[in-house]
Amino acid sequence: MQIRTEPVTINIGPQHPSTHGVFRMRVTFDGEVILDVEPIFGYLHRGTEKLAEERNYTQVITLTDRLDYVASMTNNQAYVLSCEQLGGIEVPERGQYLRVIAAELQRIASHLVATGFLLQDLGAFATPLMYCMRERERILDLFEMLCGARITVSYMRIGGVFQDAPEDFWPALRQFLEDMPRFIEEYEGLLTGNEILLGRTKGLNILSAEDAINASITGPLLRASGVAWDLRKMAPYEVYDRMDFEVPIGSAGDVYDRYWVRVQEMRQSVLIIQQCVKQIAPGPVRTNVPLVYRPPVGDAYVPIEGPKGELGFYIVSDGGIAPYRCKVRAPSFINLSLLKEMLVGWKMADLVVIFGSIDINMGEVDR
Amino acid sequence: MTVLISGTELAQRLEEAVAGSVDGSDEFQVWVKSEQLIEICRFLKETPNLAFDFLSSVTAVDYVEHFELVYHVTSMGFNHRTVLKARVFGRLSPEVPSIASVWRGAELQEREIWDLMGIKFLDHPNLKRIMLWEGFPGHPHRKDHLGG
Numbered sequence: 003m004q005i006r007t008e009p010v011t012i013n014i015g016p017q018h019p020s021t022h023g024v025f026r027m028r029v030t031f032d033g034e035v036i037l038d039v040e041p042i043f044g045y046l047h048r049g050t051e052k053l054a055e056e057r058n059y060t061q062v063i064t065l066t067d068r069l070d071y072v073a074s075m076t077n078n079q080a081y082v083l084s085c086e087q088l089g090g091i092e093v094p095e096r097g098q099y100l101r102v103i104a105a106e107l108q109r110i111a112s113h114l115v116a117t118g119f120l121l122q123d124l125g126a127f128a129t130p131l132m133y134c135m136r137e138r139e140r141i142l143d144l145f146e147m148l149c150g151a152r153i154t155v156s157y158m159r160i161g162g163v164f165q166d167a168p169e170d171f172w173p174a175l176r177q178f179l180e181d182m183p184r185f186i187e188e189y190e191g192l193l194t195g196n197e198i199l200l201g202r203t204k205g206l207n208i209l210s211a212e213d214a215i216n217a218s219i220t221g222p223l224l225r226a227s228g229v230a231w232d233l234r235k236m237a238p239y240e241v242y243d244r245m246d247f248e249v250p251i252g253s254a255g256d257v258y259d260r261y262w263v264r265v266q267e268m269r270q271s272v273l274i275i276q277q278c279v280k281q282i283a284p285g286p287v288r289t290n291v292p293l294v295y296r297p298p299v300g301d302a303y304v305p306i307e308g309p310k311g312e313l314g315f316y317i318v319s320d321g322g323i324a325p326y327r328c329k330v331r332a333p334s335f336i337n338l339s340l341l342k343e344m345l346v347g348w349k350m351a352d353l354v355v356i357f358g359s360i361d362i363n364m365g366e367v368d369r
Numbered sequence: 308m309t310v311l312i313s314g315t316e317l318a319q320r321l322e323e324a325v326a327g328s329v330d331g332s333d334e335f336q337v338w339v340k341s342e343q344l345i346e347i348c349r350f351l352k353e354t355p356n357l358a359f360d361f362l363s364s365v366t367a368v369d370y371v372e373h374f375e376l377v378y379h380v381t382s383m384g385f386n387h388r389t390v391l392k393a394r395v396f397g398r399l400s401p402e403v404p405s406i407a408s409v410w411r412g413a414e415l416q417e418r419e420i421w422d423l424m425g426i427k428f429l430d431h432p433n434l435k436r437i438m439l440w441e442g443f444p445g446h447p448h449r450k451d452h453l454g455g
């Protein structure tokens, strides 16, 4: 007897635990194998770029928090760096060090969320995620000390940072830096050599360096494919040129390498913060920039290495108090360029893992 | 440190390779004719000592009398970058060639520009609205979009 078969189309999302927000994919399956994927964007589109045209330069900082809301510090940083280049503003050294400390803490927090949720998607239910969230919580506590907020920080200002770190911040940071390497050891001991993790991620979804570069993919995804491209090294901003750190790269470009690169980057971030703590000297944290900032006519684009890839704001100024145009080069969005090619041919159970390994944030994808 | 390639120097080379393609240039950028975008991009990508293999970002700005497309391109091998700009005139149906065939990374960004700025990309593999739904009135990033 012959059984009649036909492809089935199902919706993954917009409400689905593995889509990390409100992302929708229309996926066609042949049995368990993916035949076609159509990503559907826009469920969280808030028109941030248009809103920015109606607010002054300082107010836009609060909008940037709400783009990638698990990495608000780096969003702040990318935005203020572009604004500063427009007006040719120099940031005092202590301000730059505080920004680098905040950005690296944020990178650790973002990678903790990325790896924690990747393992959650793999089926390691709750345990690794809770371990990651426990450490992330401590980073958020540090942010609370810096600026009073945990997620929507708005800590950075054009010309520096909002305020100097309070005195009790430094012992708490030192304690965190002492504990973090131990935590990474513990986490890796639990997972990196784990047979189930290896079985599910090794050789899964290999992305070649050529394809990744051509599709403008950046961040840990590109580095997992073996390209040592990190803007902190290639185009150092702030005080990164004084930092001694390595850029971990993967060898195969599979899901396992993406996980591994993120874990190693956390270690490097700890090293960077330790150097900052050693080098930071007393001084002002902000230059005097008027609250209503009017940069001269022109445009600026200063890309930074965000936790998810190249993050930059292309700002056009017409000499007024608000940006004439403020475009966000969002790594989460552009890293999805190859989504269809990455998923076709793999199985349903791999879909959530591959998707999780890209590490996107819907606030940034839809803006 | 990433080197910014001088726009004037690059303009000369572009003029030699693709005659009549340059509109103007200064130290930081080159203005090119939008009709010859694909030839220019291919030249930038395939010339061995330029090797712009990575398209950092594509965007469009509405200057009311014209639109300006802005391409930030980088060479990962040489660690240099440049900025290409192309002016598009006409508000009713502005059109430019899509460069998604040269750099795949342009595909989603061009869709976004079509959706929000209303510039049509010719020969784009999948030019549909992306953030908003089909049938949404107007293109909200235009300066004359009132919304509401």
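If you read the sequences in order, they're chains R and L.
According to the numbering used here, the first sequence is numbered sequentially starting from 3.
According to the numbering used here, the second sequence is numbered sequentially starting from 308.
All C-beta atoms in this analysis are idealised placements derived from N, C-alpha and C, irrespective of residue type, glycine included.
Nearest-angstrom Cα separation, counted from residue j out to residue i
i       : j       : result
S242(R) : R159(R) : Per the sequence shown, residue 242(R) should be read as Tyr rather than Ser. Approximately 19 angstroms between the Cα atoms of the pair.
L148(R) : L107(R) : 12 angstroms
L209(R) : D301(R) : 34 angstroms
V257(R) : R436(L) : 31 angstroms
P222(R) : P444(L) : 38 angstroms
A393(L) : Q416(L) : 16 angstroms
R260(R) : R48(R)  : 30 angstroms
E51(R)  : Y99(R)  : 29 angstroms
G161(R) : T76(R)  : 15 angstroms
E375(L) : V339(L) : 11 angstroms
V24(R)  : I63(R)  : 24 angstroms
D38(R)  : L124(R) : 22 angstroms
E419(L) : H446(L) : 10 angstroms
Buried/exposed call for residue i, threshold 16 Cβ in 10 Å
i       : result
S11(R)  : At residue 11(R) the sequence reads Thr, which differs from the Ser that was named. T11(R) comes out exposed.
D369(L) : buried
D70(R)  : buried
Q4(R)   : exposed
T463(L) : Residue coverage of chain L in this structure runs from 308 to 455, which leaves residue 463(L) outside it and unanswerable.
N433(L) : exposed
G442(L) : exposed
N13(R)  : exposed
S319(R) : buried
N290(R) : exposed
R184(R) : exposed
Beta carbon proximity, residue i to chain L, threshold 8 angstroms
i       : result
D70(R)  : no
E307(R) : no
P238(R) : yes
R327(R) : yes
R331(R) : yes
Y189(R) : no
L223(R) : no
V318(R) : yes
G365(R) : no
F43(R)  : yes
K204(R) : no
Cβ distance (whole Å) where residue i is taken to contact residue j below 8 angstroms
i       : j       : result
I356(R) : H22(R)  : That pair is no contact at about 13 angstroms.
S359(R) : G412(L) : Wrong, their Cβ atoms sit about 19 angstroms apart, outside the cutoff.
N78(R)  : Y157(R) : 6 angstroms
F335(L) : L357(L) : Not quite, the Cβ-Cβ distance comes to about 17 angstroms (not below 8 angstroms), so this is no contact.
L114(R) : R140(R) : Rounded, the Cβ-Cβ distance is 10 angstroms, inconsistent with contact.
F315(R) : V330(R) : 6 angstroms
P286(R) : P94(R)  : 5 angstroms
G89(R)  : P297(R) : 4 angstroms
Test: residue i CB closer than 8 angstroms to a CB of chain R
i       : result
L391(L) : no
G442(L) : no
R349(L) : no
D430(L) : no
L317(L) : no
F462(L) : With chain L covering only 308 through 455, there is no way to say anything about residue 462(L).
H448(L) : yes
S382(L) : no
G455(L) : Its pLDDT being 49, under 50, G455(L) is placed unreliably by the model, and the measurement read from it follows with that caveat. Taking Cβ atoms only, chain R never reaches closer than 8 angstroms to G455(L), which makes this a no.
E414(L) : yes
I426(L) : no
T309(L) : yes
H373(L) : no
H387(L) : no
S332(L) : no
I406(L) : no
Chain-ordered chain A contacts of residue i [CB-CB under 7 angstroms]
i      : result
I12(R) : This model lacks chain A altogether, as its protein chains are R and L.
The region 51-67 of chain R / the region 311-326 of chain R touching (three or more Cβ pairs under 8 angstroms): Between the region 51-67 of chain R and the region 311-326 of chain R there are three or more inter-stretch CB-CB distances shorter than 8 angstroms, so the stretches are counted as touching.
Touch test, the region 81-88 of chain R against the region 223-231 of chain R, Cβ-Cβ under 8 angstroms, three pairs minimum: The answer is no - the region 223-231 of chain R does not touch the region 81-88 of chain R, with fewer than three Cβ pairs under 8 angstroms.
Inter-stretch contact at 8 angstroms, needing at least 3 Cβ pairs: the region 230-246 of chain R / the region 185-192 of chain R: Judged by Cβ distances under 8 angstroms, the region 230-246 of chain R makes no contact with the region 185-192 of chain R, as fewer than three pairs qualify.
At least three beta-carbon pairs within less than 8 angstroms, the region 87-106 of chain R to the region 124-134 of chain R: Fewer than three Cβ pairs drawn from the region 87-106 of chain R and the region 124-134 of chain R lie within less than 8 angstroms of each other, which leaves the two stretches out of contact.
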